[in-house]
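Engineer: Using our numbering, read the sequence shown as starting at 165 and increasing by one per residue.
The beta carbon of each residue, even a glycine, is placed where N, CA and C say it ideally should be.
Note that the coordinates shown come from a computational prediction; the quantities given were computed from them, not determined experimentally.
Below are the structure tokens for one structure; questions will follow.
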Amino acid sequence: MANPAILTVDDDPAVSRAVARDVRRRYGDRYRVVRADSGEAALAALREIKLRGEQVAVILADYRMPVMNGIQFLESAMDLFPRARRVLLTAYADTDAAIDAINIVDLDHYLLKPWDPPEEKLYPVLDNLLEVWAATPDISATETRVIGHRWSAPSFAVRDFLARNLVPFRWLLADEPEGGRLLAAADLSPADVPVVITSDGKALAMPSESDLASHVGLSTTPASDFYDVIVVGAGPAGLGAAVYAASEGLRTVLVEQRATGGQAGQSSRIENYLGFPEGVSGAQLTDRARRQALKFGAEILSTREVVGLEAAGTARLLRFGDGTSLAAHAAVLATGVAYRRLDAPGLSDLTGRGVFYGSAATEAPSCSGEDVYIVGGANSAGQAALHFARYARRVHILIRGASLTSSMSRYLIEQVEREPCITVHPRTEVVGGYGDDHLETLTLCDRSTGATRTVKTSWLFVFIGAEPRTNWLEGVVSRDERGFIVTGPALLRDGQRPAGWSLPRDPYHLESSLPGVFAAGDVRADSVKRVASAVGEGAMAVTVVHRYLEAQ
Numbered sequence: 165m166a167n168p169a170i171l172t173v174d175d176d177p178a179v180s181r182a183v184a185r186d187v188r189r190r191y192g193d194r195y196r197v198v199r200a201d202s203g204e205a206a207l208a209a210l211r212e213i214k215l216r217g218e219q220v221a222v223i224l225a226d227y228r229m230p231v232m233n234g235i236q237f238l239e240s241a242m243d244l245f246p247r248a249r250r251v252l253l254t255a256y257a258d259t260d261a262a263i264d265a266i267n268i269v270d271l272d273h274y275l276l277k278p279w280d281p282p283e284e285k286l287y288p289v290l291d292n293l294l295e296v297w298a299a300t301p302d303i304s305a306t307e308t309r310v311i312g313h314r315w316s317a318p319s320f321a322v323r324d325f326l327a328r329n330l331v332p333f334r335w336l337l338a339d340e341p342e343g344g345r346l347l348a349a350a351d352l353s354p355a356d357v358p359v360v361i362t363s364d365g366k367a368l369a370m371p372s373e374s375d376l377a378s379h380v381g382l383s384t385t386p387a388s389d390f391y392d393v394i395v396v397g398a399g400p401a402g403l404g405a406a407v408y409a410a411s412e413g414l415r416t417v418l419v420e421q422r423a424t425g426g427q428a429g430q431s432s433r434i435e436n437y438l439g440f441p442e443g444v445s446g447a448q449l450t451d452r453a454r455r456q457a458l459k460f461g462a463e464i465l466s467t468r469e470v471v472g473l474e475a476a477g478t479a480r481l482l483r484f485g486d487g488t489s490l491a492a493h494a495a496v497l498a499t500g501v502a503y504r505r506l507d508a509p510g511l512s513d514l515t516g517r518g519v520f521y522g523s524a525a526t527e528a529p530s531c532s533g534e535d536v537y538i539v540g541g542a543n544s545a546g547q548a549a550l551h552f553a554r555y556a557r558r559v560h561i562l563i564r565g566a567s568l569t570s571s572m573s574r575y576l577i578e579q580v581e582r583e584p585c586i587t588v589h590p591r592t593e594v595v596g597g598y599g600d601d602h603l604e605t606l607t608l609c610d611r612s613t614g615a616t617r618t619v620k621t622s623w624l625f626v627f628i629g630a631e632p633r634t635n636w637l638e639g640v641v642s643r644d645e646r647g648f649i650v651t652g653p654a655l656l657r658d659g660q661r662p663a664g665w666s667l668p669r670d671p672y673h674l675e676s677s678l679p680g681v682f683a684a685g686d687v688r689a690d691s692v693k694r695v696a697s698a699v700g701e702g703a704m705a706v707t708v709v710h711r712y713l714e715a716q
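Below, the structure written as structure tokens:
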């Protein structure tokens with residue numbers, strides 16, 4: 165394994181050479197010094213290092229560079245190497261920008277130019293950053309491998325779980341030589357797949373999500389049995405609540421059944437989120453929020469299915485599917501929504517074998533040169549169509565209405581219209597899907613005429629409707645006719661508080677019919693179904709939690 169890299173980027177050749185010279189003189193025996201003269205060249209170097217499986221310890225970037233300044237470069241670089249420590253090189257006049265960068269790119273330090281002598285102004289800074297980098301565990305430095313069949317729903321489920329939890333892995337087919345060799349080494353056969361080979365060489369055959377999580381570095385066991393606040397659901401609302409609760413000193417645990425990010429985490433690019441003018445992928449946004457919550461001391465538990473909620477005196481008790489429980493003074497429900505299943509003959513048996521719900525970004529490269537069909541006309545469908553257009557021969561968007569204007573943001577509609585390989589089919593729905601080991605054909609119906617036609621495809625991605633994940637709350641909190649949690653003033657009927665309400669006050673905003681239990685984000689009735697709104701409600705829920713706790 166090559167030595168870790170220290171990368172420097174500056175468009176001034178003299179400064180660039182000076183930085184590299186000083187760094188190499190002190191650290192050249194332990195680190196490889198990589199020098200670039202622009203943000204674009206530096207990103208290309210980082211991508212090459214990433215592909216080789218090597219590491220970057222520290223990145224030093226000049227602030228004033230043309231095309232891509234130092235902050236913009238570091239924002240992109242941190243998505244490739246989130247562990248790398250980040251330093252911005254600035255002139256005295258740029259110190260305000262450097263301070264802003266602390267929040268934008270988690271900047272570790274900024275250095276004023278010139279830094280002579282380096283023994284006093286450069287090396288002490290780098291010594292400290294390298295020490296911090298070396299002490300930080302690096303799960304991604306070692307390789308997890310997944311062996312499975314191409315058209316296997318269980319194999320897809322494992323890959324999707326790892327991808328959505330941002331666990332790097334290598335995908336191998338069981339009928340390929342390397343996959344076969346690994347199976348033989350583990351004394352397993354193709355009948356045992358999916359098989360996961362962990363970074364420490366342990367072979368897991370057909371692992372459950374909880375077993376998989378515990379072997380790839382995800383936390384599944386709480387450190388305590390009582391907290392100030394439990395947040396259920398790690399989508400934007402849940403992550404927002406966890407960040408604000410933990411940052412304000414509340415003992416916080418975030419419980420997620422599947423993967424952080426929720427539906428937003430599957431988005432290929434979110435372009436209307438405040439502060440990201442060039443857009444940000446759902447995975448990038450999720451990872452930053454997750455790291456931020458951990459930074460403030462929140463615990464994040466994965467693969468924990470919540471099946472019950474009840475009042476236990478002044479505490480609120482969550483019950484899990486494995487029979488265990490967890491208690492807190494208050495709870496924030498941010499379980500989000502799930503895509504509705506498409507009710508058409510043949511599709512249920514092909515789920516995970518050509519029929520997918522959500523973006524299933526892991527499948528995009530496999531669609532190269534083929535036709536992809538997407539059902540749905542909201543923003544999530546538009547973002548997915550643009551993502552798959554980078555790979556597929558043609559992308560077909562099927563919508564029940566006459567156009568996209570009633571359900572999709574204008575900026576996305578314009579991008580879809582500009583993409584030559586995307587075709588929108590209005591008043592069209594899927595009425596059947598067929599195939600042996602995977603999807604092979606779809607039957608489409610024109611709702612205007614009733615005429616049907618059959619198309620050949622192996623790829624159907626569904627983005628329809630939103631069903632709240634609240635069946636486990638039956639009889640516990642008030643829900644509307646669609647299952648969304650009713651909160652705050654909406655609980656009052658003719659000035660009367662909800663049945664069973666035990667406190668001498670009206671429910672707080674975002675508070676459910678069970679005092680001390682709050683709802684935020686898409687799961688809440690009449691909420692705005694946008695990422696920014698969900699994050700805002702998560703933060704607002706913590707403010708109301710404080711009011712509730714102070715009154716106890």
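Pairs of beta-carbons, one from the stretch 652 to 667 and one from the stretch 484 to 503, closer than 8 Å: are there three or more?
Structural biologist: Touching, no, given that fewer than three Cβ pairs across the two stretches are closer than 8 Å.
Engineer: Apart from the five residues just before and just after R196, which ones in its own chain have a Cβ nearer than 8 Å to its Cβ?
Structural biologist: The residues are A166, N167, P168, A169 and I170.
Engineer: List the residues that DSSP assigns as beta-bridge partners of E474.
Structural biologist: DSSP output for E474 lists L481 as bridge partner(s).
Engineer: Would you list the residues sitting across from A683 in a DSSP beta bridge?
Structural biologist: DSSP output for A683 lists L497 as bridge partner(s).
Engineer: Along the chain, where does the alpha helix (DSSP H) that runs through R334 open and close?
Structural biologist: Note, R334: premise wrong, no alpha helix (DSSP H); beta strand (DSSP E) at F333 to L337.
Engineer: Could you pull out every residue in the same chain whose Cβ sits closer than 6 Å to the Cβ of I728, ignoring the five residues on either side in sequence?
Structural biologist: The requested residue 728 is not part of the displayed model; the chain covers only 165 to 716.
Engineer: Please state whether DSSP places T551 in a helix, a strand or coil.
Structural biologist: The residue you asked about is not Thr; residue 551 is His in the sequence shown. H551 falls in the helix class under three-state DSSP.
Engineer: Which whole-angstrom value describes the C-beta separation of F625 and I538, a residue pair presumed to lie in contact below a C-beta threshold of 8 Å?
Structural biologist: The pair is a contact, with the Cβ atoms about 5 Å apart (cut-off 8 Å).
Engineer: Contact between the stretch 462 to 478 and the stretch 644 to 658: three or more CB pairs below 8 Å?
Structural biologist: The answer is no - the stretch 644 to 658 does not touch the stretch 462 to 478, with fewer than three Cβ pairs under 8 Å.
Engineer: For the pair the stretch 428 to 448 and the stretch 688 to 705, tell me if three or more CB-CB distances fall below 8 Å.
Structural biologist: Contact holds: three or more Cβ-Cβ distances are below 8 Å.
Engineer: Let me confirm a value: G680 is counted as buried when at least 16 other C-beta atoms fall within 10 Å, else exposed. Which label applies?
Structural biologist: Buried, by the Cβ-count rule.
Engineer: Nearest-angstrom Cα distance between R688 and H710?
Structural biologist: Taking the straight line from one Cα to the other gives about 20 Å.
Engineer: Just to confirm before moving on: does the CB-CB distance between G405 and G702 stay below 8 Å?
Structural biologist: Checking the sequence shown, residue 405 turns out to be Ala, not Gly. Taking 8 Å as the Cβ cut-off, A405 and G702 qualify as a contacting pair.
Engineer: Are S571 and A542 close, meaning C-beta to C-beta below 8 Å?
Structural biologist: Yes, the Cβ-Cβ distance between S571 and A542 is below 8 Å.
Engineer: Taking the alpha carbon of F320 as the point to measure from, which residue in F520, F682, V179 and L674 has its own alpha carbon closest?
Structural biologist: It is F520.
Engineer: For L276, count neighbouring Cβ atoms within 10 angstroms of its own Cβ and tell me buried if that reaches 16, exposed if not.
Structural biologist: Exposed.
Engineer: At which residue ranges does the stretch 269 to 306 contain complete alpha helix (DSSP H) runs of 4 or more residues, listed in the order of the chain?
Structural biologist: The stretch 269 to 306 contains these whole alpha helix (DSSP H) runs: 282 to 285 and 287 to 299.
Engineer: Between L473 and the ligand FAD, is there a pair consisting of the residue's CB and a ligand heavy atom that are separated by less than 7 Å?
Structural biologist: What this structure holds is no ligand at all, so the ligand FAD is not there to describe.
Engineer: Kindly indicate which residue of R591, V588, R517 and G685 has the alpha-carbon position closest to the one of S316.
Structural biologist: For S316, the nearest C-alpha among the options comes from R517.
Engineer: Which residues mark the beginning and the end of the alpha helix (DSSP H) in which T707 is found?
Structural biologist: Element bounds for T707: V695 to A715.
Engineer: Can you tell me the Cβ-Cβ gap for A401 and G685, rounded? I've got them flagged as a contact below 8 Å.
Structural biologist: Rounded, the Cβ-Cβ distance is 3 Å, consistent with contact.
Engineer: What's the call for N635, buried or exposed, on a 16-neighbour Cβ count within 10 Å?
Structural biologist: Result: exposed.
Engineer: Since L506 and L637 are thought to touch, with beta carbons under 8 Å apart, how far apart are those beta carbons, to the nearest angstrom?
Structural biologist: 26 Å between Cβ atoms; not a contact.
Engineer: How would you label V419, buried or exposed, when you count the other beta carbons within 10 angstroms and need 16 or more for buried?
Structural biologist: Buried is the call here.
Engineer: Looking at C-beta atoms only, is the number of pairs between the stretch 579 to 589 and the stretch 551 to 570 that lie closer than 8 Å three or more?
Structural biologist: Touching, yes, given that three or more Cβ pairs across the two stretches are closer than 8 Å.
Engineer: Please state the DSSP three-state secondary structure of Q579.
Structural biologist: If DSSP states are grouped into helix, strand and coil, Q579 belongs with the helices.
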